[in-house]
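Numbering (full-length UniProt numbering), first residue to last: 1 to 232.
We put the CB at the ideal spot given by N, CA and C, even for glycine.
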């Protein structure tokens, strides 16, 4: 079995727009090993979000191959893809997308409950993950009672509570001040090291990009590697 968590080859994504076709992704090749992280940078409209949605099995390529954890995800049914996402993938967004009526503990436990873990075990594991991200004192707090940095750390705990092989992050520091952004940098590095989690991070934050294992640039649907000037 390959050690690659993610491998895509010649991914193309084309949309029909009235009288013409628009090609957003133009033959993307990308691979990621266990415990490796990659930052994808690029101008708005370059195709970063489209690529992230395809890598997360939330959209399908027009052509090309995508394998995650040595699985051809395109061959799975929609139900199987949903189960695959729950088990193998985690998602972090610029806006935390927490459920406002639930506590931090309940938000983090949700993926476990969806996976069929019993409520007691789900809460115990969710509490352990919140402790890992430094929020053991905020278990019973709802999102409205948390700071922006705390909400994002709850979102990260939720993304990793199933210990996925791959986490996909879309501008995870985009709404944070420098201090809280720094805490997210450190947390990603810690999770990468301690859990062997792989990260694909779409970001305009060049400081964050420079802290990841690799940096690539998406420019008008074409992926360039490496990015000059981001590595530290």
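Residue 79: first and last residue of the uninterrupted alpha helix (DSSP H) it sits in: 78-88
As assigned by DSSP and simplified to three states, the class of residue 224: strand
Residue closest to residue 184, alpha-carbon to alpha-carbon, out of 114, 199, 173, 56: 173
Neighbour-count burial assignment, residue 179, 16 or more Cβ in a 10 Å radius: exposed
Residue 74 to residue 157 span [Cα, whole Å]: 28 Å
Extent of the continuous alpha helix (DSSP H) run through residue 153: 148-160
Where the beta strand (DSSP E) through residue 16 begins and ends: 4-17
8 Å Cβ shell around residue 5 - same chain, five flanking residues per side excluded: 32, 33, 34, 36, 68, 69, 165, 166, 198
Sequence-distant residues of its chain with Cβ nearer than 6 Å to residue 80 (five each side left out): none
Residue range of the unbroken beta strand (DSSP E) whose run includes residue 215: 214-219
Cβ separation of residue 84 and residue 57, assumed to be a contact under 8 Å, to the nearest whole Å: 7 Å
Close-in-space but distant-in-sequence residues of the same chain around residue 143 (CB under 6 Å, 5 per side omitted): 98, 100, 151
Boundaries (first-last residue) of the beta strand (DSSP E) holding residue 27: 20-33
Rounded straight-line distance, which links the Cα of residue 171 to that of residue 107: 20 Å
Beta-carbon proximity check, residue 87 vs residue 109, cutoff 9 Å: no
Among 91, 128, 201, 189, nearest to residue 105 - alpha-carbon criterion: 128
Residue 64 in three-state terms, based on DSSP: strand
Length of the line joining the Cα atoms of residue 176 and residue 96: 11 Å
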